[in-house]
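Residue numbers (my numbering): 88 to 542. Beta carbons: idealized from backbone N, C-alpha and C, even for Gly. If you're wondering where the values come from, they're calculated on a predicted model, not measured in any experiment.
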Amino acid sequence: MNITPVIDYLEKHKDQHLKELIEFLKIPSISALKKHKPDIEKAADFMVNKLEELDLDVEKIQTPGNPLVYAQSKKMDPSKKTLLFYGHYDVQPVDPIDLWDYPPFEPTIVNDTIYARGVSDDKGQLYSHLMAIEAFRQTSTEIPVNIKIIFEGEEEGGGENIYKFTENNPEKLACDAVIISDTSQYNENTPAICYSLKGIVYMEFRVKGSGMDLHSGSFGGVVKNACNGLAEIIADLKNKDGVIQIPGFYDNVLELEQSEKEEFASLQYSDEVLKKDTGSSAPHGEKGYTTLERMWGRPTLDVNGIWGGYSGEGGKTIIPSTAGAKVSMRLVPNQNPQRIAKLFREYVLQVAHPSLEVEVDTLHTAVPVLIPRDHEITQSGINALEKGFANKAKFIREGGSIPIVATFQKSLKAPVLLLGYGLPNDNIHSPNERYLLQNFYNGNKTTAYLFDELS
Ligand code: BES
Ligand code: ZN
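Laid out in structure tokens, this is it:
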């Protein structure tokens with residue numbers, strides 16, 4: 088097929104495509120916050136309209152949570168392969184808002200970079216697929232595959248509705264490959280195919296030491312302080328070498344192969360890059376592993392937030408009654424999230440001071456993912472990336488999670504291609520989330536080249 092008109096179309100319509108993306112980015116579709124439910128609907132409707140404009144059959148599927156948006160080619164040609172595109176139209180909360188240089192839902196372009204919540208994760212990335220489809224349509228170039236699309240609005244909250252939908256509708260989503268752009272490239276000059284995502288277990292626990300806050304003079308030293316008690320539990324979760332202390336935690340960890348360690352080493356990740364991308368003073372982590380091994384191949388445990396006692400202005404001399412923490416554990420193949428949640432719970436209850444009342448909840452979980460690299464779609468993905476980004480592509484793993492991927496592998500039995508268009512320093516989940524305009528435009532072309540590869 089002749090892809091030139093498609094690529095020319097994308098070149099010529101950059102400004103219009105950017106304008107459209109900006110409209111999408113203005114919708115504050117934060118799935119974690121109930122008050123943004125109308126914005127979730129708005130973002131779903133935005134997707135519905137755009138997909139209809141692309142001449143697809145579109146359905147907005149209501150769930151007990153946020154709607155799924157499903158679309159497919161009007162005519163499914165049995166002689167063609169079918170690709171299922173997945174993405175999420177929801178975004179993370181914006182706190183701490185004071186640290187944003189530009190308002191998160193007023194997309195701002197500075198130095199060929201667009202700043203907005205969700206621009207890299209995942210609105211900008213998923214939009215590339217739509218731009219590629221549009222370019223084929225507008226140039227009357229036949230798309231050489233059948234298209235299916237499923238977008239969800241709960242990814243950032245660990246929502247479960249897409250699991251149920253996928254398990255209940257494997258025929259509807261049946262495909263030859265699943266294409267997902269919701270990961271990062273290795274760096275600005277190195278596009279990448281990701282072949283492993285971490286799983287997650289997200290826990291919350293709360294402790295109560297006394298029936299009420301108490302005067303710290305009157306009752307100090309005679310009853311258990313909830314904040315101290317919480318800190319003791321947290322301190323017991325890991326040792327000084329960064330090793331997680333929950334018995335059995337590492338039991339099923341699939342160790343990195345020697346060849347993977349060598350590949351990671353060949354990427355020459357430097358402490359300087361880590362410092363620059365994180366603003367931290369030095370690398371830190373589990374003893375005996377390099378930064379990339381820790382990032383991509385080792386399970387982790389992190390406190391995401393702590394509360395309790397008085398942290399307002401001035402002093403307030405109290406023994407706090409309650410305290411709590413949220414903890415995420417990132418899992419690697421073949422750890423089982425349910426098992427890890429159980430072990431965490433048992434351990435917290437065991438190490439907690441006996442006079443504390445302790446409650447432990449599992450908020451959400453996701454299974455880790457490993458993708459075989461030898462499927463032909465992977466090679467097509469590499470070729471497409473190398474054309475779209477004009478640079479040699481590498482294989483990487485990621486520390487992040489895309490919860491539905493394991494279910495796609497299991498229920499659809501189709502290979503998954505993680506074709507990331509973002510960058511590790513896009514500040515996803517953080518203030519000043521951003522996306523290089525170049526990555527948006529090159530992503531649009533890459534999806535177009537992917538279609539071409541499959542012709
Ligand atoms: N796009 C990310 C996943 C990701 C992060 C891939 C970093 C590569 C690098 C995705 O939208 C995400 O953030 N997922 C959540 C899932 C969680 C809430 C269950 C995550 O990883 O925190
Ligand atoms: Zn995310």
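Are the region 413 to 433 and the region 289 to 296 touching by the rule of at least three beta carbon pairs closer than 8 Å?
-> The region 413 to 433, when compared against the region 289 to 296, does touch it at the 8 Å Cβ threshold.
With a floor of 4 residues, list each alpha helix (DSSP H) that falls wholly inside the region 220 to 274, ordered by position along the chain.
-> Fully enclosed alpha helix (DSSP H) runs of 4 or longer: 248 to 255.
How many angstroms separate the CA atom of Q437 from the CA atom of I321?
-> Position 350 of the sequence shown, counting from 1, holds the residue named residue 437. Position 234 of the sequence shown, counting from 1, holds the residue named residue 321. One C-alpha to the other measures close to 12 Å.
Name the residue from D144, A130, L217 and N198 whose alpha carbon lies nearest to the alpha carbon of N531.
-> Sequence index remark: in the sequence shown, residue 531 carries index 444 (1-based). Minimum Cα distance to N531 is reached at L217.
Proximal residues to P115 (C-beta, below 7 Å), its chain only, five neighbours per side dropped = Position 28 of the sequence shown, counted from the first residue, corresponds to residue 115. Contacts found: H123, D126 and F192.
Have a look at K295 and E444 and give me their C-alpha separation to the nearest angstrom.
-> On the sequence shown, residue 295 is found 208 positions in, with the first residue counted as 1. On the sequence shown, residue 444 is found 357 positions in, with the first residue counted as 1. Distance between the alpha carbons of K295 and E444 is about 5 Å.
Where does I184 land, buried or exposed, given buried means 16+ other C-beta within 10 angstroms?
-> Here residue 184 is taken as the residue at index 97 of the sequence shown, counted from 1. Under this definition I184 is an exposed residue.
Taking the alpha carbon of L143 as the point to measure from, which residue in F133, D132, Y157 and T150 has its own alpha carbon closest?
-> Residue 143 sits at position 56 when you count from the first residue of the sequence shown. Ranked by Cα distance from L143, the first of F133, D132, Y157 and T150 is Y157.
Segment contact, 8 Å Cβ cut-off, at least three pairs: the region 305 to 317 with the region 212 to 231 = no
T452 versus G486 - alpha carbon distance | Stepping through the sequence shown from its first residue, residue 452 is reached at position 365. Stepping through the sequence shown from its first residue, residue 486 is reached at position 399. Each residue's Cα considered, the two are about 15 Å apart.
Pull up the DSSP beta-bridge partners for F482, would you.
-> Taking the first residue of the sequence shown as position 1, residue 482 is located at position 395. BP columns for F482 point to I280.
Spell out a yes or no on whether the region 370 to 389 and the region 461 to 469 are touching, meaning 3 or more CB-CB pairs, one atom from each, closer than 8 Å.
-> no
Express the C-alpha separation of Q422 and G468 in angstroms, rounding to a whole number.
-> As a working note, residue 468 is residue 381 in the sequence shown. As a working note, residue 422 is residue 335 in the sequence shown. Computed Cα separation, rounded: 28 Å.
Taking Cβ to Cβ, would you say G244 is nearer than 8 Å to S118?
-> The residue given as residue 244 occupies position 157 in the sequence shown. The residue given as residue 118 occupies position 31 in the sequence shown. Less than 8 Å separates the beta-carbon of G244 from that of S118.
Output yes or no for whether 8 Å exceeds the beta carbon distance between C314 and A203.
-> Walking along the sequence shown from the start, residue 314 turns up at place 227. Walking along the sequence shown from the start, residue 203 turns up at place 116. Result no, Cβ atoms of C314 and A203 do not sit closer than 8 Å.
Report yes if the CB atom of F223 is closer than 8 Å to the CB atom of V93, and no otherwise.
-> Position 136 of the sequence shown holds residue 223. Position 6 of the sequence shown holds residue 93. Yes. Within cutoff.
Measuring alpha carbon to alpha carbon, tell me which of E400, G372 and S415 ends up nearest N391.
-> Locating residue 391 in the sequence shown gives position 304, counting from the first residue. For the residues E400, G372 and S415, the minimum Cα distance to N391 belongs to S415.
Is P441 near N312, with beta carbons less than 8 Å apart?
-> Looking up residue 441 in the sequence shown gives position 354. Looking up residue 312 in the sequence shown gives position 225. The answer is no: Cβ separation not under 8 Å.
Spatially closest choice to K168 from H516, K481 and N233, by CA coordinates | Residue numbering aside, residue 168 sits at position 81 when the sequence shown is read from its first letter. Checking every option, the nearest Cα to that of K168 belongs to N233.
Any chance the CB of P490 is under 7 Å from a heavy atom of the ligand BES?
-> Position 403 of the sequence shown, counted from the start, is the residue given in the question as residue 490. The beta carbon of P490 sits closer than 7 Å to at least one heavy atom of the ligand BES.
Can you find a heavy atom of the ligand BES that lies under 7 Å from the Cβ of D209?
-> Position 122 of the sequence shown holds residue 209. The answer is yes for D209.
For S517, the nearest candidate out of D188, F495 and A130 (CA to CA) = Numbered from 1 along the sequence shown, position 430 holds the residue referred to as residue 517. Answer by Cα proximity: D188.
6 Å Cβ shell around T387 - same chain, five flanking residues per side excluded = Residue numbering aside, residue 387 sits at position 300 when the sequence shown is read from its first letter. Around T387, the same chain offers R417 as residues with beta carbons nearer than 6 Å, after the five sequence neighbours per side are excluded.
Run the CB neighbour count on H371, radius 10 Å, all protein chains shown included, and call it buried at 16 or more, exposed below.
-> Taking the sequence shown and counting its residues from 1, one reaches residue 371 at position 284. Classification for H371: exposed.
Please report how far the alpha carbon of D448 lies from the alpha carbon of I393, in whole angstroms.
-> The residue labelled residue 448 in the question sits at position 361 within the sequence shown. The residue labelled residue 393 in the question sits at position 306 within the sequence shown. Going by the C-alpha atoms only, they are around 15 Å apart.
May I ask which residues mark the beginning and end of the beta strand (DSSP E) holding S415?
-> To locate residue 415, count along the sequence shown from 1; it is residue 328. Where S415 is concerned, the enclosing beta strand (DSSP E) stretches over T409 to L418.
Does the distance from the C-beta atom of P424 to that of V454 stay below 8 Å?
-> Against the sequence shown, residue 424 aligns to sequence position 337. Against the sequence shown, residue 454 aligns to sequence position 367. Contact flag set, yes.
Please name the residue, chosen from R426, S297 and L301, that lies closest to I333 on a Cα-to-Cα basis.
-> Mapped onto the sequence shown, residue 333 falls at position 246. Nearest of R426, S297 and L301 to I333, Cα basis: R426.
Tell me whether K162 is buried or exposed, calling it buried when 16 or more other Cβ atoms sit within 10 Å of its Cβ.
-> Your numbering for residue 162 matches position 75 in the sequence shown. In the assembly as shown, K162 is an exposed residue. Its beta-carbon has fewer than 16 other beta-carbons within 10 Å.
Would you kindly work out how many angstroms separate the C-alpha atoms of S615 and L141, rounded to a whole number?
-> No answer is possible for residue 615: the residues shown for the chain start at 88 and end at 542.
CA-CA distance, E373 and V340?
-> As a first step, residue 373 must be located in the sequence shown, where it is residue number 286. As a first step, residue 340 must be located in the sequence shown, where it is residue number 253. Near 14 Å, if we compare the C-alpha coordinates of V340 and E373.
Same chain, Cβ closer than 6 Å to I331, five either side skipped, listed in chain order | As a position in the sequence shown, residue 331 is number 244, starting the count at 1. So the qualifying residues of the chain are K325 and L388.
May I have the straight-line CA-CA distance separating D364 from F351, to the nearest angstrom?
-> Position 277 of the sequence shown, counting from 1, holds the residue named residue 364. Position 264 of the sequence shown, counting from 1, holds the residue named residue 351. Taking the straight line from one Cα to the other gives about 18 Å.
Taking the Cβ atom as the reference point for each residue, do N512 and F476 lie within a distance shorter than 8 Å?
-> Residue mapping note: residue 512 aligns to position 425 of the sequence shown, counting from 1. Residue mapping note: residue 476 aligns to position 389 of the sequence shown, counting from 1. Contact: no.
With DSSP as the reference, label G211 as helix, strand or coil.
-> Residue 211 sits at position 124 when you count from the first residue of the sequence shown. Note: G211 maps to helix in three-state DSSP.
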